[in-house]
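Take a look at the structure below.
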Ligand code: FES
Ligand SMILES: [Fe+2]
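In the working numbering, the protein residues as written are 73 to 473.
Pasting the structure below:
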């Protein structure tokens, strides 16, 4: 008989609770604390550098949780900086959301302009302004650091930690994994659901057998792992990740077989042992399990990634208020070079969208149920360890002065 898959748990599990209060988290006062102590103080993943690939490119992106919009700009010198998308004269928004190219940002209200490194360039009708110190009227900056392909921002006056300290054990181990993968899909939806509930419905695999039984019935499971236990689950300072084992008994459907006949496999990407074949860095499939399907990585507080052999998806959860969350996801994969590659991409996009719809479909009803106030707490399994960690970190940060 095949040996059953067991879980290797890594990290400090002390203090994690299987019984977690949930009712308090959907209350406006608790959420106000989350906004101030989690979102305004933590490092927030804001963008992929693929959106600002060259000097003089920029991305304007809403940060709805903190009621602002940022310009993330790559200057002439190649440096990435972030600023509030707000004119220093009378606060007009400088550029609409989206990507673009600009050496300067010019305000549409009275024509002030700014260099893309934030310095004030021109005050129109300058002689009519008395006593203005131009050097202190550049765009209002936000602390910015880059890790791998991702831009992070921190809204604190002075960040309490560096990004390296914030990412902790996650910082090393992904060298190059995210690079050379252009964006191939994006999704965006606003849901009537608390951000914690929305995010944590993606950071466990317990539900896969039930919620995704029609779309991806046998990507996981099989005789060696019928309960679909994760072979590797790790919690770090604030974050968590686990590896997902693919089902060695998986039978490709006809369409899947055609889609992946000649192109590189997208989903699923097993067998054979993809990790060894692809030389992935040590943070991806850390245990080097065979028939590896993908890793799930929660970058606290508001993003998670699915990392697979040839692609990754990054999903953001921005609370709009205690009951509403803006979710958007972006998927990056190897560049399609042939018709076969395009077919593999197309098949994959369709699968992923269906699975994503199933996940999103369930969370609004959970939120409605919780708002009834009937249920105080919930009980989480060992396979839901990332949820235990997520809630423990939220509570720890909210409890700080
Ligand atoms: S608000 Fe921008 S120039 Fe007046
Ligand atoms: Fe799911």
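Even for Gly, the Cβ is constructed at its ideal location relative to N, Cα and C.
So, using beta-carbon positions, are residue i and residue j closer together than 8 Å?
i           : j           : result
residue 318 : residue 291 : yes
residue 175 : residue 148 : yes
residue 218 : residue 116 : no
residue 79  : residue 303 : yes
residue 341 : residue 280 : no
residue 394 : residue 100 : yes
residue 161 : residue 425 : no
residue 470 : residue 105 : yes
residue 168 : residue 398 : no
residue 420 : residue 401 : no
residue 350 : residue 315 : no
residue 88  : residue 111 : no
Who are residue i's beta bridge partners in DSSP?
i           : result
residue 141 : 134
residue 401 : 259 and 387
residue 367 : 315 and 379
residue 129 : 173
residue 192 : 186
residue 332 : For residue 332, which the question treats as bridged, DSSP gives no partner whatsoever.
residue 393 : 396
Determine the extent of the beta strand (DSSP E) in which residue i is found, giving its start and end residues.
i           : result
residue 418 : Looking at the DSSP string, residue 418 is not in any beta strand (DSSP E); the run it does join, the alpha helix (DSSP H), is 411 to 443.
residue 450 : 449 to 451
residue 304 : 304 to 307
residue 119 : 116 to 120
residue 75  : First-last for residue 75: undefined, no H or E at that position.
residue 471 : Premise fails: residue 471 lies in the alpha helix (DSSP H), 457 to 471, not in any beta strand (DSSP E).
residue 217 : 213 to 219
residue 154 : 152 to 156
residue 223 : 222 to 226
Which residue from the options puts its Cα closest to that of residue i?
i           : options               : result
residue 122 : 193, 281, 223 and 265 : 223
residue 90  : 455, 331 and 469      : 455
residue 151 : 169, 127, 167 and 138 : 127
residue 193 : 203, 200, 208 and 202 : 208
residue 181 : 357, 138, 396 and 195 : 195
residue 452 : 375, 430, 277 and 434 : 277
Which residues bound the alpha helix (DSSP H) around residue i?
i           : result
residue 104 : 100 to 106
residue 268 : 267 to 272
residue 163 : Here residue 163 belongs to no alpha helix (DSSP H), and DSSP marks it neither H nor E.
Margin query: Would you call the stretch 265 to 277 in contact with the stretch 458 to 466, where contact means no fewer than 3 C-beta pairs closer than 8 Å?
Written below: yes
Below 8 Å, can you find three or more Cβ-Cβ pairs linking the stretch 127 to 147 to the stretch 155 to 169? yes
query: Below 8 Å, can you find three or more Cβ-Cβ pairs linking the stretch 369 to 389 to the stretch 309 to 328?
result: yes
Self-check item: Cβ contact check for the stretch 438 to 451 and the stretch 279 to 293: 3 or more pairs under 8 Å
Solution: no
- Count the CB pairs spanning the stretch 387 to 399 and the stretch 227 to 242 that are closer than 8 Å, and state whether there are at least three. no
Open item on the list: Any residue with its Cβ nearer than 5 Å to a heavy atom of ligand 4 should be included. What is that list in chain order?
Closed with: Of the ligands this structure carries, namely ligand 1 and ligand 2, none is ligand 4.
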